[in-house]
Amino acid sequence: MIEAAPARTLVIACGALARELIAIVKLNGLDNVTIECLPAALHNRPKEIPEAVRARIHRARRADSATAATPVAHDLALSDPVDDEVRVVTDSDSTDDSRFESVFVAYADCGTGGLLQQVCEEEGVEMLSGAHCYQFFATAPRFAEIQDAEIGSFYLTDFLARHFDRMVWKGLGLDRHPELLPMYFGNYTRLVYLAQTDDPEILELARAGAERLGLTMVVEHTGYGELETTMVELTGATK
Numbered sequence: 014m015i016e017a018a019p020a021r022t023l024v025i026a027c028g029a030l031a032r033e034l035i036a037i038v039k040l041n042g043l044d045n046v047t048i049e050c051l052p053a054a055l056h057n058r059p060k061e062i063p064e065a066v067r068a069r070i071h072r073a074r075r076a077d078s079a080t081a082a083t084p085v086a087h088d089l090a091l092s093d094p095v096d097d098e099v100r101v102v103t104d105s106d107s108t109d110d111s112r113f114e115s116v117f118v119a120y121a122d123c124g125t126g127g128l129l130q131q132v133c134e135e136e137g138v139e140m141l142s143g144a145h146c147y148q149f150f151a152t153a154p155r156f157a158e159i160q161d162a163e164i165g166s167f168y169l170t171d172f173l174a175r176h177f178d179r180m181v182w183k184g185l186g187l188d189r190h191p192e193l194l195p196m197y198f199g200n201y202t203r204l205v206y207l208a209q210t211d212d213p214e215i216l217e218l219a220r221a222g223a224e225r226l227g228l229t230m231v232v233e234h235t236g237y238g239e240l241e242t243t244m245v246e247l248t249g250a251t252k
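The sequence shown begins at 14 in our numbering and counts up one residue at a time.
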């Protein structure tokens, strides 16, 4: 008896999760997944995220969606899509990249005030639970513990540590107005680096970011947290 091929899934994701999603796909053999990432810089303009996701869902449902973004082989080193879009086709045997049995949105609320959840409900697709990536990387119970231990915590992930200057320093205008630093960070008491990997270079980048903000740093090794378990459950894979 021939086993049916697993349902093909399109994951519409934040560019800040691109490396982690590709790593999860590799670790778990999720060859039925295609990842399309929107620019991570949308986090500086969260009101734009819901309709950008809606547009990508609609595009995926059209027959011409295969040409909508630039394919990148999943076994190549990926530059983080901060300002660009990227498409990662992991199903190398597929001859029809325009048809998917399911669509999943790899965003949490991400500052959209519930509007992204509303879009997903209207379009009939699932999305990650939680307010932000800090929560699903750490897992919801552990994040609550970290936050309750010290409310004045500022968080970095691997992505934010790599792009601290672009996403935090310049993103908040501190490159032009360093006098705003006390206004933005005066009430923070520490920086919590939620580490997805054990990369000493990223650790040093996180430490440098903490020093620029005048905060002490605490490291919490999270791995991929609920992002990995959700992806595995979504695709029906077993480890």
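Note that CB positions come from ideal geometry on N, CA and C, so glycine has one too.
Cα-Cα separation between PRO94 and GLU49, rounded to whole angstroms: Residue numbering aside, residue 94 sits at position 81 when the sequence shown is read from its first letter. Residue numbering aside, residue 49 sits at position 36 when the sequence shown is read from its first letter. Taking the straight line from one Cα to the other gives about 10 Å.
Self-check item: Where CYS50 falls: helix, strand or coil (DSSP)
Solution: Locating residue 50 in the sequence shown gives position 37, where the first residue counts as 1. CYS50 falls in the strand class under three-state DSSP.
- Message: Suppose contacts are defined by Cβ-Cβ distances below 8 Å. Is ALA219 in contact with LEU169 by that definition?
- Response: Mapped onto the sequence shown, residue 219 falls at position 206. Mapped onto the sequence shown, residue 169 falls at position 156. Yes, the Cβ-Cβ distance between ALA219 and LEU169 is below 8 Å.
Discussion item. Here's the rule: buried if 16 or more other CB atoms are within 10 angstroms of the residue's CB, otherwise exposed. What is ASP96?
Written reply: Sequence index remark: in the sequence shown, residue 96 carries index 83 (1-based). Taking a 10 Å sphere around the C-beta of ASP96, we find fewer than 16 other C-beta atoms and assign the residue as exposed.
| message | Can you tell me whether HIS234 is helix, strand or coil according to DSSP? | response | Numbered from 1 along the sequence shown, position 221 holds the residue referred to as residue 234. HIS234 sits in a strand when the DSSP states are folded into three classes.
Relative to the C-alpha of GLY127, which candidate in ARG32, GLU64, LYS39 has its C-alpha closest?
If you number the sequence shown from 1, residue 127 lands on position 114. Selected option, being the one with the closest Cα: GLU64.
Distance between ARG100 and ALA86 (C-alpha atoms, nearest Å)
Taking the sequence shown and counting its residues from 1, the one referred to as residue 86 is at position 73. Taking the sequence shown and counting its residues from 1, the one referred to as residue 100 is at position 87. The predicted model places ALA86 with a pLDDT of 45, which falls under 50 and marks its position as unreliable; any figure quoted below should be read in that light. The C-alpha of ARG100 is placed about 9 Å away from the C-alpha of ALA86.
Can you find a CB in chain C that lies within less than 8 Å of the CB of GLY236? Looking for chain C here will not work: only one protein chain is present.
What distance in whole Å lies between the Cβ atoms of GLY222 and ALA151, which are believed to be in contact at a cut-off of 8 Å?
Residue numbering aside, residue 151 sits at position 138 when the sequence shown is read from its first letter. Residue numbering aside, residue 222 sits at position 209 when the sequence shown is read from its first letter. GLY222 and ALA151 do not touch by the CB rule: their CB atoms are close to 18 Å apart, not below 8 Å.
- prompt: Leaving out five residues before and five after ILE70 in sequence, what residues of the same chain have Cβ atoms less than 7 Å from its Cβ?
  reply: Numbered from its first residue, the sequence shown carries residue 70 at position 57. Excluding sequence neighbours, ILE70 sits near ILE25, VAL116, GLU136, VAL138.
Fill in: Between the CA atoms of PHE172 and ASP178 - distance to the nearest angstrom
In the sequence shown, residue 178 corresponds to position 165, counting from 1. In the sequence shown, residue 172 corresponds to position 159, counting from 1. Answer to the nearest angstrom: the Cα atoms are 11 Å apart.
Below 8 Å between beta carbons: does that hold for ALA153 and ALA121? Residue numbering aside, residue 153 sits at position 140 when the sequence shown is read from its first letter. Residue numbering aside, residue 121 sits at position 108 when the sequence shown is read from its first letter. Result no, Cβ atoms of ALA153 and ALA121 do not sit closer than 8 Å.
Does the beta carbon of THR170 fall short of 7 Å from some heavy atom of the ligand FMN? In terms of ligand content, the structure shown is empty, and the ligand FMN therefore cannot be addressed.
### Query
Is DSSP giving GLU136 helix, strand or coil here?
In the sequence shown, the residue the question calls residue 136 occupies position 123. Note: GLU136 maps to helix in three-state DSSP.
Here's the rule I'm using: 16 or more other beta-carbon atoms within 10 Å means buried, otherwise exposed. How should ASN45 be labelled? Within the sequence shown, the letter at position 32 stands for residue 45. Counting Cβ neighbours within 10 Å, ASN45 comes out buried, since at least 16 surround it.
Is the CB-CB distance between ILE55 and MET244 below 8 Å? By one-based count along the sequence shown, residue 55 stands at place 42. By one-based count along the sequence shown, residue 244 stands at place 231. The sequence given here has Leu at residue 55, not Ile. Judged by beta-carbon spacing, MET244 lies beyond the 8 Å limit of LEU55, meaning their Cβ atoms are not closer than that value.
* **Integer Cβ distance of PHE198 from GLY236, believed to fall under 8 Å** => Position 185 of the sequence shown, counted from the first residue, corresponds to residue 198. Position 223 of the sequence shown, counted from the first residue, corresponds to residue 236. Between GLY236 and PHE198 the Cβ distance is about 27 Å, and since that is not below 8 Å, they are no contact.
TODO: Check VAL181 in the structure and name its three-state DSSP category.
DONE: For the purposes of this step, residue 181 is identified with residue 168 of the sequence shown, where counting begins at 1. Taken through DSSP and simplified to helix, strand or coil, VAL181 comes out as helix.
What do you reckon, are the CB atoms on LEU204 and PHE167 nearer than 8 Å? For the purposes of this step, residue 204 is identified with residue 191 of the sequence shown, where counting begins at 1. For the purposes of this step, residue 167 is identified with residue 154 of the sequence shown, where counting begins at 1. Yes, they are a contact pair.
key: Cβ neighbours of ARG247 in the same chain (closer than 6 Å, five flanking residues each side left out)   = As a first step, residue 247 must be located in the sequence shown, where it is residue number 234. In the sequence under discussion, the amino acid at residue 247 is Leu, which differs from the Arg named in the question. Only PHE117 meet the Cβ criterion.
* Quick one: using the 10 Å Cβ neighbour count with 16 as the cut-off for buried, is ARG32 buried or exposed? => To locate residue 32, count along the sequence shown from 1; it is residue 19. Its Cβ being crowded by 16 or more others within 10 Å, ARG32 is buried.
Whose CA, out of GLU163, CYS27, PHE113, lies closest to the CA of MET230? Numbered from 1 along the sequence shown, position 217 holds the residue referred to as residue 230. Ranking the options by Cα distance to MET230, first place goes to GLU163.
Give a yes or no on whether the C-beta atoms belonging to LEU23 and PHE156 are separated by under 8 Å.
Position 10 of the sequence shown, counted from the start, is the residue given in the question as residue 23. Position 143 of the sequence shown, counted from the start, is the residue given in the question as residue 156. No, they are not a contact pair.
* Asked: So, using beta-carbon positions, are GLU98 and LEU129 closer together than 8 Å?
  -> Against the sequence shown, residue 98 aligns to sequence position 85. Against the sequence shown, residue 129 aligns to sequence position 116. No. Outside cutoff.
| field | Continuous beta strand (DSSP E) assignments of at least 3 residues falling wholly in the segment 133 to 177 | value | Those beta strand (DSSP E) runs which fall completely within the segment 133 to 177 and span 3+ residues are 166 to 169.
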